[in-house]
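In what follows, a single structure is set out as structure tokens and then discussed.
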Amino acid sequence: MRKIIAKYVLLILITFAVSIYIYEYVMANKPIDTESDILYTQHQTEQGILSNTNYTIDNPNVILNPYGNSPLSALIVFQTKDLTTTTVTIKGKDGAEDIKHTFTPTKVHILPIYGLYAGYDNKVIIEASGSSKEITITTSPLPNDFSKVTDLSNNDFDTDEFYFTTPEEIGYTAAYDKNGEVRWYLIGDYKWDIQRLNNGHILLSSDKILSKNYSIGLIEMDLLGKVYYEYAIPGGYHHDVYELNNGNLLLASNKYGRGTTEDVAVEIDRATGGIVKEIDLYNILPGEKKGNWFGMNSINYDINTNSITISGYNGNMIINLDYPTLDINWVIADEDKVDDDYKQYLLKANGDIDYPNKPESINLISGNKMMFASEIDGKKHLLTYQIDYSNRTVKELDDYELPTDEETYLEILGDDDYVITQGHTLMEVQNGKRVISMNVNSTLYNTKKMSLYANDVYTGVQGVRLGSLGESATVKNHLLLGAKNDDSILDKYKITLYKDVFGLKVKGTFKESEDVQIILDNVLDKKTYNLLEAKDSDKKTTTSRYISEDGIQGKYYIYLRINGTIYKLHKYVNFY
């Protein structure tokens, strides 16, 4: 009898334990939010657009913001019986110049419309086969937090191009006309540089942040907001990217796991997304390296010498490497401020010279001339250097003092014509004279002067995702016994979790003195990842990171470890 009772008691205990397990690992946990795949969503949109083009010029199909991320763009769709050239005119507001563009001949006309005004009844004229049709496209006002022009000077300067800007931290990637009107913008967190590629598309940082301000990679899109290629890069992307002659992309990146940042560049194959060359300054340059010791912020390729020139903000130097071998060709730096091991590479000064001090935004003017921003006595200056390769000397040709000491970014447009971005200000300078200047009510990162239209032929080709983030680095695991139930920490630390095609995104706000890890557990497997490594500071910081989809599969329950205490988040994530 006692044995029967013991069996029943054991069965009850097992049932109770299983019930607790089921509750703890199933009932008490909820799935985190999942972000839809932008490439899938836009393909569904395109199938809808292309499924019915049976409209006429007198009654076209007008689709405002077709991809949902470019509110001042539209598509106009109609057919003609014959192969026909079509011209569209976007009428300027209050006497401003019109935007006019002629498309290649076709029978099915799917016309991208750029340059609409915000909060306005835009008049657009379509001309085809001798017929003309005026339509009205009404747009919504700009968002309340938009970076508007607060001061404009010299707006009588004549140009039909636009000033494309990216934000330093918070804001929108946008294009302003010479009157300070916003004529295009993107919804999304696109930072760092903006480039016009040789095929007419634009290249931007991904709006997904890998860690700190480093994005997971790059996005190639058109001004409609359609993504053609999305590139994931193991070390992420920051600051600058250069389109090489073979179409590949050379960009500033990182190499995680060794305690340094902003000291690596990579060349990625445009067709595959794979890394074909790594430029690791940690192994190339001499001297001690820790933290952000070099501060790579611009990179240029020179076809004439088959070399790359890189600026180091924290290293206070400009270096040039032979691209095939990655041997050091030369270094420009103050010899009193660099290690002795650099001296064999230093160019000698030809006359008085201001050496690079927190250099930024190198632009090559010709084979042996360059312009960049540098700090002199607490003010930013644009310096122009000329290099004599045979005599291994450098000469300072020009010094242009800038208005403030803020971070400075530069684009060379032509001889003595360049665009400068400093803080809230963008300006164009010709022959040493400021021809136009705009101030906006947020901090800008960079500005490129470009046309709106560039080889714009609409196609329904499906966007492609290339490359990989690689497996995320793990750290020592910890026992989960005694993990606390305290859902308030989600609000206390402003923790957000969501899953997308690249992996799990974790974001939170902590004191810099706190030691924080994310733990993923599925009973059979456990993985721990650093979110924040403790520093000697009580300053609050918002930190985020991706836990890559690569190398992990299945359902995992999420825990947070803060200063040695483990908390159950009652959330789970699925990796596929």
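Here the sequence shown stands for residues 4 to 579, where the numbers follow the numbering used here.
Ideal Cβ positions, reconstructed from N, Cα and C, are used throughout, including at glycine.
Point to revise | Backbone CA spacing between residue 26 and residue 258 [nearest angstrom] | key: Position 23 of the sequence shown, counted from the start, is the residue given in the question as residue 26. Position 255 of the sequence shown, counted from the start, is the residue given in the question as residue 258. Caution applies to residue 26, whose pLDDT of 49 falls short of 50 and renders its modelled position unreliable; the model cannot decide the point.
Practice item. With DSSP as the reference, label residue 567 as helix, strand or coil. Key: Stepping through the sequence shown from its first residue, residue 567 is reached at position 564. Reduced to three states, the DSSP call for residue 567 is coil.
**Study point:** Contact the stretch 93–102 vs the stretch 209–216: 3+ CB pairs below 8 Å
**Key:** Fewer than three beta-carbon pairs drawn from the stretch 93–102 and the stretch 209–216 are found closer than 8 Å, and the two stretches are therefore not classed as touching.
Point to revise | Buried versus exposed call for residue 563 [16 or more other C-beta atoms within 10 Å across all chains shown] | key: Stepping through the sequence shown from its first residue, residue 563 is reached at position 560. Buried, since its Cβ has 16 or more Cβ neighbours within 10 Å.
Check your understanding: What is the DSSP secondary structure of residue 580, counted as helix, strand or coil?
Key -> Given a span of 4 to 579 for the chain in the structure shown, any question on residue 580 remains unanswerable.
Check your understanding: Is residue 572 helix, strand or coil when you go by DSSP?
Key -> In the sequence shown, residue 572 corresponds to position 569, counting from 1. If DSSP states are grouped into helix, strand and coil, residue 572 belongs with the strands.
Review point. What do you reckon, are the CB atoms on residue 500 and residue 35 nearer than 9 Å?
Key: For the purposes of this step, residue 500 is taken as residue 497 along the sequence shown, with counting starting at 1. For the purposes of this step, residue 35 is taken as residue 32 along the sequence shown, with counting starting at 1. Going by C-beta atoms, residue 500 is nearer than 9 Å to residue 35.
Check your understanding: In its own chain, which residues sit with a C-beta less than 8 Å from the C-beta of residue 293, not counting the 5 before and 5 after it?
Key -> Against the sequence shown, residue 293 aligns to sequence position 290. Non-local beta-carbon contacts of residue 293 in its own chain, meaning distances under 8 Å to residues more than five positions away in sequence, involve 262 and 263 in chain order.
Practice item. Go through its chain and collect everything with a Cβ distance to residue 459's Cβ below 6 Å, but skip five positions before and after it. Key: Residue numbering aside, residue 459 sits at position 456 when the sequence shown is read from its first letter. Closer than 6 Å at Cβ, skipping near neighbours: 115.
**Study point:** Buried or exposed by the 16-neighbour rule on C-beta atoms within 10 Å, applied to residue 378
**Key:** Your numbering for residue 378 matches position 375 in the sequence shown. That one is buried.
Review point. Rounded to a whole number of angstroms, what is the C-alpha to C-alpha distance between residue 336 and residue 376?
Key: Within the sequence shown, residue 336 is the residue found at index 333, counting from 1. Within the sequence shown, residue 376 is the residue found at index 373, counting from 1. Their Cα atoms are separated by approximately 14 Å.
**Study point:** Closest residue to residue 61 among 139, 384 and 452 (Cα-Cα distance)
**Key:** What you label residue 61 is simply residue 58 of the sequence shown in a count that begins at 1. Minimum Cα distance to residue 61 is reached at 139.
**Study point:** Start and end residues, beta strand (DSSP E) containing residue 312
**Key:** Here the question's residue 312 lines up with position 309 in the sequence shown. Start and end: 310–315.
Check your understanding: Is any heavy atom of the ligand GTP found at a distance shorter than 8 Å from the C-beta of residue 216?
Key -> The ligand GTP is not part of the structure shown, which contains no ligands of any sort.
Point to revise | Collapsed DSSP secondary structure at residue 26 in the structure displayed | key: In the sequence shown, counting from the first residue as 1, residue 26 sits at position 23. Note that residue 26 scores 49 on pLDDT, short of 50, meaning its location in the model is unreliable; the coordinates nonetheless yield the value given after this. Residue state, collapsed to three classes: helix.
Review point. Residue 556: buried (16+ other C-beta within 10 angstroms of its C-beta) or exposed?
Key: Here residue 556 refers to the residue found at position 553 of the sequence shown. Exposed is the call here.
Point to revise | For residue 470, the three-state DSSP class (helix, strand or coil) | key: Looking up residue 470 in the sequence shown gives position 467. Residue 470 falls in the strand class under three-state DSSP.
Point to revise | Closest residue to residue 298 among 305, 291, 318 and 307 (Cα-Cα distance) | key: Translated into the one-based positions of the sequence shown, residue 298 becomes position 295. Comparing Cα positions, the closest option is 318.
Exercise for review: Keeping to the same chain, check which residues put their C-beta closer than 7 Å to that of residue 368; ignore five residues upstream and five downstream.
Suggested key: Working through the sequence shown from its first residue, we reach residue 368 at position 365. Excluding its 5 nearest sequence neighbours in each direction, residue 368 has C-beta neighbours in its own chain below 7 Å: 374 and 415, listed in chain order.
Exercise for review: May I ask you to report which of helix, strand or coil DSSP gives residue 559?
Suggested key: The residue labelled residue 559 in the question sits at position 556 within the sequence shown. It is a strand residue.
Practice item. Give a yes or no on whether the C-beta atoms belonging to residue 222 and residue 232 are separated by under 9 Å. Key: For the purposes of this step, residue 222 is taken as residue 219 along the sequence shown, with counting starting at 1. For the purposes of this step, residue 232 is taken as residue 229 along the sequence shown, with counting starting at 1. The answer is yes: Cβ separation under 9 Å.
Review point. What's the call for residue 527, buried or exposed, on a 16-neighbour Cβ count within 10 Å?
Key: Locating residue 527 in the sequence shown gives position 524, where the first residue counts as 1. Exposed, because fewer than 16 other Cβ atoms sit within 10 Å of the Cβ of residue 527.
Practice item. In angstroms with no decimal places, state the Cα-to-Cα distance between residue 265 and residue 300. Key: The residue given as residue 265 occupies position 262 in the sequence shown. The residue given as residue 300 occupies position 297 in the sequence shown. One C-alpha to the other measures close to 8 Å.
Check your understanding: Which same chain residues, not among the five before or five after residue 553, have their C-beta less than 7 Å away from its C-beta?
Key -> Against the sequence shown, residue 553 aligns to sequence position 550. For residue 553, where only same-chain residues beyond five positions count, the Cβ hits under 7 Å are 471, 472, 473 and 474.
Practice item. Could you say if the stretch 117–133 and the stretch 73–81 meet the contact criterion of at least three C-beta pairs nearer than 8 Å? Key: yes
Exercise for review: Would you check if the distance between the CB atom of residue 234 and the CB atom of residue 276 is smaller than 9 Å?
Suggested key: For the purposes of this step, residue 234 is taken as residue 231 along the sequence shown, with counting starting at 1. For the purposes of this step, residue 276 is taken as residue 273 along the sequence shown, with counting starting at 1. Yes, Cβ-Cβ distance for residue 234 and residue 276 is below 9 Å.
Check your understanding: Would you say residue 322 and residue 331 are within 9 Å of each other, going by their C-beta atoms?
Key -> Along the sequence shown, one-based indexing puts residue 322 at 319. Along the sequence shown, one-based indexing puts residue 331 at 328. Going by C-beta atoms, residue 322 is nearer than 9 Å to residue 331.
Review point. Does DSSP put residue 324 in a helix, a strand or coil?
Key: For the purposes of this step, residue 324 is identified with residue 321 of the sequence shown, where counting begins at 1. Here residue 324 sits in strand by DSSP.
Review point. Starting from residue 417 and walking both ways along the beta strand (DSSP E), at which residues does that stretch end?
Key: Looking up residue 417 in the sequence shown gives position 414. Taken as a continuous stretch (DSSP letters only), the beta strand (DSSP E) holding residue 417 covers 411–417.
Point to revise | Whether residue 251 touches residue 271 by CB criterion (9 Å) | key: On the sequence shown, residue 251 is found 248 positions in, with the first residue counted as 1. On the sequence shown, residue 271 is found 268 positions in, with the first residue counted as 1. Taking 9 Å as the Cβ cut-off, residue 251 and residue 271 qualify as a contacting pair.
Check your understanding: How far does the beta strand (DSSP E) with residue 39 in it reach, from first residue to last?
Key -> Taking the sequence shown and counting its residues from 1, one reaches residue 39 at position 36. Where residue 39 is concerned, there is no enclosing beta strand (DSSP E), given that its DSSP letter is neither H nor E.
Exercise for review: Reducing DSSP to helix, strand and coil, say where residue 46 ends up.
Suggested key: Here residue 46 is taken as the residue at index 43 of the sequence shown, counted from 1. Here residue 46 sits in helix by DSSP.
Point to revise | Identified DSSP bridge partners for residue 155 | key: Start at 1 with the first residue of the sequence shown, and residue 155 comes out as number 152. Residue 155 is bridged to 441.
Exercise for review: Please determine, among 254, 288 and 289, the residue with the shortest C-alpha to C-alpha distance to residue 273.
Suggested key: Locating residue 273 in the sequence shown gives position 270, counting from the first residue. Of the listed residues, the one whose Cα sits closest to residue 273 is 254.
Practice item. Just mark residue 144 as buried or exposed, buried being the case when its beta carbon has 16 or more other beta carbons within 10 Å. Key: Against the sequence shown, residue 144 aligns to sequence position 141. Exposed is the call here.
Practice item. Could you tell me the boundaries of the beta strand (DSSP E) in which residue 3 lies? Key: Outside the displayed span of the chain (4 to 579) sits residue 3, for which this structure offers no information.
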